[in-house]
Amino acid sequence: VKPEAACADYQIQVTGYLDGELPAPAKSQLENHLASCETCRQYWLQEKVILERLRHHPRIAASTDLRSGIEARFSIAAPMATMLRSRIFIPASALILLVAIGIASWAMHDARADRTSQFTKLAVETHLRRVNHQLPLEVISSSPEIVSNWFSGKINFHLELPRHPKDSLYTEKYALEGARLVDFNGEYGAGVSYRMEDQLITLVVFPSTAVMPGGGDRVVSGKLIFHLQDQKGFHVITWADHGLTYALVSNLEERGQQSCMVCHHQNSEPRLSLLSR
Amino acid sequence: MAMRIPYRKFVNQLLEQLDSMYGFAIMLSRTREEAEDLVQQTCMKAIENASRCNGQGNFKAWLFTILKNAWLNRVRELSSHPNIPFDEFHLPAFAFVLPQEDEALQISAALASLPLEQREIIVLRDMEGFTYDEIASILECPPGTVMSRLHRARAQLRKLLEGALR
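From first to last, the protein sequence lines stand for chains B and H. Just so we're aligned, residue 1 is where the first sequence starts under the working numbering, counting upward by one. Just so we're aligned, residue 278 is where the second sequence starts under the working numbering, counting upward by one.
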């Protein structure tokens, strides 16, 4: 066995050694090797560092909504479970238990749909207040760089607005006006204002971990699914891409697809096909 | 269908594992919505199959097996979707959402960018502390392959975090 090959084998064993999963004979062989091989000893130290960091890595806790939803579900199911344990009325109580779980599941599904609906409502309200001059911008600039940089440190995600060459077809057709922070369930997201053909376009952006798009007609364009709906007389398009959820509100022609131009500037506009309502 | 352990005890044990289940679910799916759905499905399945749980053995490993199977079903569902390629649907959300300022966030981003096979094994061993036998059972793989898979996963993680760890 070549020394390098032996080291490669020993380095696999380092994993088991650090986890306390290596059988005694292999453990003793590895310890002897580590005492004489600097490369493998360095490897062992490096893996130990990674392992330490992983073991102390902060855990992501389940949300309060999820916990309380599941607790509520089980408190509904508890009396039925008691009946099951008593082995009385088994078929009936099993049916009731399944119905109770079904109702609770539906309630959880509803909570998620509610969040999506609130997000769409927030985007429409933001747009409406912008149209009525009731909501000032916090940064006023037609420069995507300036506006993108303004958000840095204010929101918990990276937002980079599309930049088009000056005097291009698209910069002639629409203009960035500025932006402001938007609050959704205590979390800040981005509200960006564009103007196109004298019409205002509002783009609201939040991490997909906070809300997912939904509602209305589903439209597939390339790898993305768009949700098209009308609210308060405005066209709203919502979608998720690269970990962010977007809502675009406008009063532009068709169903607002024209407003997609603020980001999608390819010569051939994506073809949209209606999937289902 | 009679439960062999008291219902309250069963529920308490389940709730005690909620954060762990959620952590595993978010590492598999990489989105909060998917992770919440997975945890809910796991709890539903657990209560439906509570009669098979006799309070012996590793309750947590049993829950993680249910969760993993729920995820595999979801993967199959997503893969068969005509309009959403599976690998496109599962974008590394953390990498885009979290600012890369401190070590913990860098580890989160590096973990999220690992392939599924490596992500899941690291979470199971290094964050949840399952034994190799339990991991083999949850992942339905031969016990002998756990160590080498874990070795590859940690090596990849170390490569991603090169220079980031002090």
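Here a beta-carbon is modelled for each residue, glycine too, at the ideal position from N, C-alpha and C.
Check                                                                                                                            : Outcome
Just the C-alpha distance for H:ALA372 and B:HIS56, rounded to the nearest angstrom, thanks.                                     : Unreliable placement is indicated for H:ALA372, whose pLDDT of 35 sits below 50; the coordinate value is still reported in the next sentence. Their backbone Cα atoms lie some 20 Å apart in a straight line.
Quick one: Cα of B:LEU18 to Cα of B:LEU161, how far?                                                                             : 46 Å
For H:LYS337, does the count of other Cβ atoms within 10 angstroms reach 16, so buried, or fall short, so exposed?               : buried
May I ask you to report which of helix, strand or coil DSSP gives B:GLN134?                                                      : coil
Rounding to the nearest angstrom, what Cα-Cα distance links B:ALA72 and H:ARG309 in this structure?                              : 20 Å
Would you mind telling me which residues of chain B sit closer than 7 Å to H:ILE399, beta carbon to beta carbon, in chain order? : LEU54
Alpha carbons only, please: which of H:VAL352, H:PHE341, H:ILE384, H:ASP296 is nearest the one belonging to B:SER68?             : H:ASP296
Listed in chain order, which residues of the stretch 410 to 435 of chain H have Cβ atoms closer than 7 Å to some Cβ of chain B?  : MET424, SER425, LEU427, HIS428, ARG431, LEU434, ARG435
Does B:GLU38 get closer than 8 Å to chain H when you measure Cβ to Cβ?                                                           : no
Is it buried or exposed for H:LEU375, if we count other Cβ within 10 angstroms and need 16 for buried?                           : Bear in mind that the predicted position of H:LEU375 carries a pLDDT of just 39, short of 50, making it too unreliable to give a figure here.
For the candidate residues B:LYS154, B:GLN46, B:VAL131, B:VAL147, whose alpha-carbon lies nearest to that of B:ILE201?           : B:VAL131
Can you tell me whether B:THR238 is buried or exposed, with buried defined as 16 or more other CB within 10 angstroms of its CB? : buried
So H:GLN294 packs on H:LEU349, CB below 8 Å; how close in whole Å?                                                               : Not quite, the Cβ-Cβ distance comes to about 19 Å (not below 8 Å), so this is no contact.
Residues of chain H with CB closer than 7 Å to the CB of B:GLN46, please, in chain order.                                        : ARG435
Within 10 Å of its beta-carbon, does B:PRO207 have 16 or more other beta-carbons around it, so buried, or fewer, so exposed?     : buried
Hey, quick one: how far does the alpha helix (DSSP H) through H:GLU380 stretch, first residue to last?                           : 380 to 390
Any idea what DSSP makes of B:PRO207, helix, strand or coil?                                                                     : strand
What are the boundary residues of the alpha helix (DSSP H) that H:ASP296 is part of?                                             : 295 to 306
From B:HIS33, B:GLU125, B:GLN11, B:GLN42, pick the residue whose C-alpha is nearest to that of B:ALA247; which is it?            : B:GLU125
At which residues does the beta strand (DSSP E) containing B:VAL236 begin and terminate?                                         : 234 to 241
Since H:ARG309 meets chain B, which of its residues come closer than 7 Å, beta carbon to beta carbon?                            : THR209
At a CB-CB cut-off below 9 Å, which residues of chain H make contact with B:ILE237?                                              : Simply none; closest approach about 17 Å.
Closer than 7 Å, Cβ to any Cβ of chain H: which residues of the stretch 112 to 128 of chain B, in chain order?                   : ARG112
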